[in-house]
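Peer 1:
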Amino acid sequence: GVPVLTNVRLTGLQFSSDGSVALLVQGRDTRAGGASTLEIWNLADNKRTPLTQLGEVNSPALTENGKAVAYTQKAADTLPLLLVCDLNGDPPRAIFPTEENNEPGATTYCIHAFPDNDRFLFYAPGGANIWTIRRDGTNIKKYPLPEGRSSPIMVAIAEDGATATLTLAQGAAESLLYEVHKLDFNAKRFT
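The opening residue of the sequence shown carries number 13 in this note's numbering; numbering runs sequentially from there.
1) For L91, which of helix, strand or coil comes out of DSSP?
2) Helix, strand or coil for T119? Go by DSSP, reduced to three states.
3) Are the beta-carbon atoms belonging to V69 and T84 less than 8 Å from one another?
4) If you measure between the beta carbons of I152 and F197, is that distance less than 8 Å?
5) Applying the 10 Å Cβ sphere with the 16-neighbour rule, what's the burial state of Y190?
6) Within its chain, find whatever has a CB closer than 6 Å to the CB of R60; leave out the 5 residues flanking it on each side and keep chain order.
7) Whose C-beta lies closer than 7 Å to the C-beta of I169 among residues of the same chain, with five residues either side of it excluded?
8) Bridge partners of Q85, per DSSP?
9) Beta carbon of T84: closer than 7 Å to some heavy atom of the ligand ZN?
10) What residues are listed by DSSP as bridge partners for R21?
11) Apart from the five residues on each side of it in sequence, which residues of its chain come closer than 6 Å, Cβ to Cβ, to A106?
12) DSSP state of T150, grouped into three classes?
13) Using DSSP's beta-bridge definition, name the partner residues of G39.
14) Below 8 Å between beta carbons: does that hold for L157 and I145?
15) Tell me whether A56 is buried or exposed, calling it buried when 16 or more other Cβ atoms sit within 10 Å of its Cβ.
16) Let me check understanding here. Comparing Cα to Cα, which of T90, L35, T179 and D102 lies closest to P72?
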């Protein structure tokens, strides 16, 4: 085989569902959630396009169709912003927090794209809620985490987008218990 990527120090890699587009995440720090720069890699013509206009970002999530990326940025002394950048050349737009909705104490967000390419699930590590939002910043919904449970350690959104499976931690006497919860978005219920 012939190497297709060389001289790249990746800290993350995400593919569109059809495998035609990849998001190359490059950071100075290998810790999850560290500041990173992004490139879009079109595999058909092996062309890489740096997303330098975004600057350094955290927790990027590529939509399954490979046409948009959501990410977090934080300026000093402010809540972090959740931004969406359509990869058609439009400038990125901040969609969270809003005047009505925010996550107090958040320092960053972990973001996951829904299979429908139109919504994102996100949460602040150590926060009290799971949030969903449409790509255009509308239809914000808040799902309070079950009492005494951590923010998710792992998240998997169902193909139909109706539920998500979340691995949560719960502190117990001198140990940590992990539980898998299903979040039904329509019923707004964890089981």
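Every residue, glycine too, gets a C-beta built ideally from N, C-alpha and C.
Peer 2: Looking at the coordinates:
1) As a working note, residue 91 is residue 79 in the sequence shown. Here L91 sits in coil by DSSP.
2) As a first step, residue 119 is located in the sequence shown; it is residue number 107 there, counting from the start. Coil.
3) To locate residue 69, count along the sequence shown from 1; it is residue 57. To locate residue 84, count along the sequence shown from 1; it is residue 72. Going by C-beta atoms, V69 is nearer than 8 Å to T84.
4) Counting from 1 along the sequence shown, the entry for residue 152 is found at position 140. Counting from 1 along the sequence shown, the entry for residue 197 is found at position 185. Result no, Cβ atoms of I152 and F197 do not sit closer than 8 Å.
5) Residue numbering aside, residue 190 sits at position 178 when the sequence shown is read from its first letter. When all chains shown are included, Y190 counts as exposed.
6) Here residue 60 corresponds to residue number 48 of the sequence shown, with the count starting at 1. Here the set comprises E51 and W53.
7) Numbered from its first residue, the sequence shown carries residue 169 at position 157. Once the five neighbours on either side are set aside, the close Cβ partners of I169 are H124, F126, P127, L133 and A176.
8) Counted from its first residue, the sequence shown places residue 85 at position 73. According to DSSP, which records beta bridges pairwise, Q85 is partnered with L93.
9) Here there are no bound small molecules, and the ligand ZN is not part of this structure.
10) Within the sequence shown, residue 21 is the residue found at index 9, counting from 1. Paired residue(s): none; R21 is not in a bridge.
11) In the sequence shown, the residue the question calls residue 106 occupies position 94. The answer, listed in chain order, is L93 and L95.
12) Here residue 150 corresponds to residue number 138 of the sequence shown, with the count starting at 1. Residue state, collapsed to three classes: coil.
13) Within the sequence shown, residue 39 is the residue found at index 27, counting from 1. Answer is S48.
14) On the sequence shown, residue 157 is found 145 positions in, with the first residue counted as 1. On the sequence shown, residue 145 is found 133 positions in, with the first residue counted as 1. No.
15) Taking the first residue of the sequence shown as position 1, residue 56 is located at position 44. A56 is exposed by the Cβ-count criterion.
16) Here residue 72 corresponds to residue number 60 of the sequence shown, with the count starting at 1. That would be L35, whose Cα lies nearest to the Cα of P72.
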